[in-house]
Amino acid sequence: MNSVEILIEDFSISSSDIEKAKSYQKRYPGRLEQILVSMGSLTEDDLCPFYAKLLNYQKFDETIWGDWTIPDIEFSIHEKLKEFDCVLLSALENNWTVACKDPLSLSLISLLNDSAKEVELFVATEAQLQRFFFEIQNASNISQEEEELSGDEEARLRELASEAPTVNLLNSLITKALARNASDMHLEPHKGRLRVRYRIDGVLHEVESLAPKMQLPITTRLKILSGMDIAEKRRPQDGKIEMRVANQELDIRVSALPLNEGESVVLRFLRKDSIRYDMSVLGLSADTQKLIGQDLKKTTGVILLTGPTGSGKTTTLYTFLNELNNEDVKIITLEDPVEYQLEGVNQVQVNSEIGFDFAAGLRSIVRQDPDIIMVGEIRDKETAQIALQSALTGHLVFSTVHTNDAASAYTRLLDLGVEEFLLNAALVSVVAQRLARRLCPHCAAPDDNQTELMENYPLAQVASNAGITELNIKKAIGCEHCNNTGYKGRIAINEYLRCDDEIKAISKDEQFIPKAQTHNSHLKRRNLLEDGFYKVVTGVTTIDEVLRVAG
Numbered sequence: 147m148n149s150v151e152i153l154i155e156d157f158s159i160s161s162s163d164i165e166k167a168k169s170y171q172k173r174y175p176g177r178l179e180q181i182l183v184s185m186g187s188l189t190e191d192d193l194c195p196f197y198a199k200l201l202n203y204q205k206f207d208e209t210i211w212g213d214w215t216i217p218d219i220e221f222s223i224h225e226k227l228k229e230f231d232c233v234l235l236s237a238l239e240n241n242w243t244v245a246c247k248d249p250l251s252l253s254l255i256s257l258l259n260d261s262a263k264e265v266e267l268f269v270a271t272e273a274q275l276q277r278f279f280f281e282i283q284n285a286s287n288i289s290q291e292e293e294e295l296s297g298d299e300e301a302r303l304r305e306l307a308s309e310a311p312t313v314n315l316l317n318s319l320i321t322k323a324l325a326r327n328a329s330d331m332h333l334e335p336h337k338g339r340l341r342v343r344y345r346i347d348g349v350l351h352e353v354e355s356l357a358p359k360m361q362l363p364i365t366t367r368l369k370i371l372s373g374m375d376i377a378e379k380r381r382p383q384d385g386k387i388e389m390r391v392a393n394q395e396l397d398i399r400v401s402a403l404p405l406n407e408g409e410s411v412v413l414r415f416l417r418k419d420s421i422r423y424d425m426s427v428l429g430l431s432a433d434t435q436k437l438i439g440q441d442l443k444k445t446t447g448v449i450l451l452t453g454p455t456g457s458g459k460t461t462t463l464y465t466f467l468n469e470l471n472n473e474d475v476k477i478i479t480l481e482d483p484v485e486y487q488l489e490g491v492n493q494v495q496v497n498s499e500i501g502f503d504f505a506a507g508l509r510s511i512v513r514q515d516p517d518i519i520m521v522g523e524i525r526d527k528e529t530a531q532i533a534l535q536s537a538l539t540g541h542l543v544f545s546t547v548h549t550n551d552a553a554s555a556y557t558r559l560l561d562l563g564v565e566e567f568l569l570n571a572a573l574v575s576v577v578a579q580r581l582a583r584r585l586c587p588h589c590a591a592p593d594d595n596q597t598e599l600m601e602n603y604p605l606a607q608v609a610s611n612a613g614i615t616e617l618n619i620k621k622a623i624g625c626e627h628c629n630n631t632g633y634k635g636r637i638a639i640n641e642y643l644r645c646d647d648e649i650k651a652i653s654k655d656e657q658f659i660p661k662a663q664t665h666n667s668h669l670k671r672r673n674l675l676e677d678g679f680y681k682v683v684t685g686v687t688t689i690d691e692v693l694r695v696a697g
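Just so you know, the sequence shown maps onto residues 147 to 697 in our numbering.
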C-alpha cells in the first residue's frame, strides 16, 4: 500500500484533506504526512503506526527496554542521534538497535549509513523517546540543579544578554509574533533546543527551534527587561515589559517557570490600542445579544460569566462595561491583574500579599458609591456573599466563576456556601462562554460534506429553531491572509440562562442542572454546543472548531 492509501484506510483521512495537503505541498515542499499533522488532520502519535506500516518496521515496545542502560560508546554519537529524535538502544559489535520518531529523515538515514553498522530500527513516538533523552542528558553531566550565580557569572550573563545577536533575535521573535496577531509567545527547552511557539487564535503553532546556546542569553534578556532576578532559577517569577512597537503601545506580561530541562518563559502580549470593546466584535448571536441587552438595562442584580481560563470572559465583561460607561454612572472594577485600561472606569488591582483580596476590595468599593461593580472572579464564600448582597442594595454587579456551563454557576456558588435564597434574589443571568476560531473570510469555501454533517449533527434542528431557512456551511481552506490555517480571529460561543421565576422555583439540588437545561430548551435557547452549531450553519466557523472547544 502507498502512503495515501494507508492514510485513507487506516487513519480515516478524508479525500478533501489529502487534496488540500497535496495542494499545499506543491507550493511549499514537504512530506504529505507532516503537512497533515500541521493541518490537524493527523496527530503526532499517528505518525508512529503510519511509518511502521508504510516501511514495514516494528513499533517500539517500551516494556522490553525497562532496564535500559546507555550503550558504552563515544558519547557524541548519542548526542548526534538525539538531534534526529533517535536513540541508540543497544550497540553490539557491528549491530545497532535504534528507535526513532522519523525513519524517513534523510539526515538520519545518512548518519546511520555512515556508521557502517547493521541497524535494526524501531519506530517510536516522541513521548516514548523522552525518557531516554533525559537519561542521556543527565549522563552527559548537564546539571539541571539551579545554583546561585557568582558576581562574575552574573556580569557575564548580563553582557551576553546585551550582545547584538541576542537583542536582534528576541526583537525579531516579538515582531513576528505581533505580525501574526499572536496573544502569547512560549519559549521552552525541548529535546536540547529552545522551542518557540506562538498562540494564535487560541491554538499553539511552533515557529522556531533555536540552538541550545541561545537559551540562557534569551531567557536572561527577558528577565532583565521584565525586572526579574537573573540569578534566581529555582522559583517561578513574573514580570512586565512596556514597549512601543510600530507606533503601538504594548504591555508584555512575562512568566518564568523552572523545568527539568531549564526554564520555560511565556510572554503574553497586551495591545493597549488595538482592542475594541464592542458588542458587534464579540460575535454574539442576535437573540442572545437581545437578551443580554435587556439585562444591561437593569440597575441592580448580578450578571455572571462562566467558562475556563482563556475563554474570553474578561473581554466580554469589559464590553458590557463599555456599553454602560457614560457620564451618569460610576463604575469600579476589582481585577487581578488590571490588563487593559478602560477610559472613565475606576480600575483597582487586588494584592493578596498585603491582604487586599477580592473580598477586602469589595468591602471598600461599596463605600465609594458606585453604580456598577465588576469583580474579576468569585473565588470564595466571602466574595460571593458581598457581591450578591451588593446587588440587593442597589448595585449592578458583574463577575466570573469557573464552571463548564451556565446552570453549574448555581451549584458552584452553593458549594462555596452561598445561601439559596440569596442566589434567587440577586442573580439576573448567567452566560457561559467559549472561544472558537472564526473562518478566514478570504478563503473559506462551501463544505462538500454538508449532507454527511447534516446526518451526523442536529444542524437542521438548530437552524429551524433559529428561523434559518438556508444553511451556509463552510470549511477551512488556508491562504496567506490566515497563515494557511483557514481561520482568522475568534468568535464567542455562548449559553444564556436567565434567572427567571421558573429557575428560581426549581430546587437547587442534584436535579437542578438538568431541569434548568430542559427549561432553557423549551424556550429555544441554545446550549454551548448548539450555539456552536448555529455559528456553523451561518458560515462563521466549522464543526471541528465547535467540537474542539464545546464538544
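Backbone N, C-alpha and C define an ideal beta-carbon position, used for all residues, glycine too.
- Listed in chain order, the non-local C-beta contacts of Phe466 below 8 Å within the same chain comprise Ile438, Leu442, Ile449 and Phe544, local neighbours out to five positions each way being set aside.
- Secondary structure at Phe415: strand, using DSSP grouped into helix, strand and coil.
- The distance from the Cβ of Leu451 to that of Thr546 is about 5 Å, consistent with a contact at the 8 Å cut-off.
- The beta-carbon distance between Val150 and Ala198, rounded to whole angstroms, is 17 Å. This is too long to meet the 8 Å contact definition.
- For Ala402, the enclosing beta strand (DSSP E) stretches over residues Gln394 to Pro404.
- Along the length of the segment 355-391, whole alpha helix (DSSP H) runs at least 4 residues long occupy 361-371, reported in chain order.
- Pairing Pro358 with Gly338 gives a Cβ-Cβ distance under 7 Å.
- In the DSSP assignment, Asp330 falls outside any alpha helix (DSSP H) and within the unbroken beta strand (DSSP E) covering Asp330 to His336.
- By the criterion of at least three beta-carbon pairs nearer than 8 Å, the segment 641-660 is not in contact with the segment 391-408.
- With a cutoff of 7 Å on beta-carbon distance, Ala307 and Pro363 are scored as near each other.
- In the assembly as shown, Tyr174 is an exposed residue. Its beta-carbon has fewer than 16 other beta-carbons within 10 Å.
- Going by DSSP, Ala572 is part of the alpha helix (DSSP H) stretching over Glu566 to Ala572.
- Taking one beta carbon from each stretch, the segment 668-684 and the segment 602-609 have 3 or more pairs nearer than 8 Å; the two touch.
- When C-alpha distances from Ile164 are compared across Leu178, Asn595, Gly522 and Asn202, the shortest belongs to Leu178.
- Between the segment 506-513 and the segment 471-485 there are three or more inter-stretch CB-CB distances shorter than 8 Å, so the stretches are counted as touching.
- Positions of the alpha helix (DSSP H) runs, each at least 4 residues long and wholly inside the segment 217-293, are given as 221-229, 252-260 and 272-285 in order along the chain.
- With contacts defined by Cβ atoms closer than 7 Å, Lys527 and Gly563 form a contacting pair.
- The Cβ-Cβ distance between Lys620 and Ala590 falls below 7 Å.
- Taking one beta carbon from each stretch, the segment 203-222 and the segment 233-245 have 3 or more pairs nearer than 8 Å; the two touch.
- Within the segment 441-481, the complete alpha helix (DSSP H) segments of 4 residues or longer fall at 459-470, listed in chain order.
- One alpha carbon belongs to Ala651, the other to Leu568, and they sit about 13 Å apart.
- When only Cα atoms are considered, Leu538 and Met600 end up about 47 Å apart.
- Look at the beta carbons and you see the segment 461-475 touching the segment 518-534: at least three pairs across the two are nearer than 8 Å.
- Taking 4 residues as the minimum length, the alpha helix (DSSP H) runs contained wholly in the segment 563-635 are 566-572, 596-602 and 605-611, in order along the chain.
- Inclusion of Leu534 and Ala572 in the CB contact set at 7 Å is warranted, their separation being smaller than that value.
- Contact annotation: Ala555 and Ile659 have beta-carbon atoms that are not nearer than 7 Å.
- Exposure of Arg513 is indicated by the presence of fewer than 16 other C-beta atoms within 10 angstroms of its C-beta.
- Check the Cα spacing between Leu559 and each of Gly447, Ile524 and Glu691: the tightest is with Ile524.
- Between Leu674 and Ala696, the CB-CB gap stays under 7 Å.
- Counting the other Cβ atoms within 10 Å of the Cβ of His336 gives 16 or more, which makes it buried.
- Bounds of the alpha helix (DSSP H) holding Ile659 are Phe658 to His668.
- Around the C-beta of Ala310, fewer than 16 other C-beta atoms lie within 10 Å, and the residue is accordingly described as exposed.
- Rounded to the nearest angstrom, the gap between the Cα atoms of Leu193 and Arg672 is 38 Å.
- Distance from the CA atom of Glu648 to the CA atom of Thr664, rounded to whole angstroms, is 11 Å.
- Of the residues Leu324, Glu626 and His332, the one whose Cα lies closest to the Cα of Glu352 is His332.
- Apart from sequence neighbours up to five positions away, the residues of its chain that approach Asn327 with a beta-carbon distance below 7 Å are Ile346, ordered along the chain.
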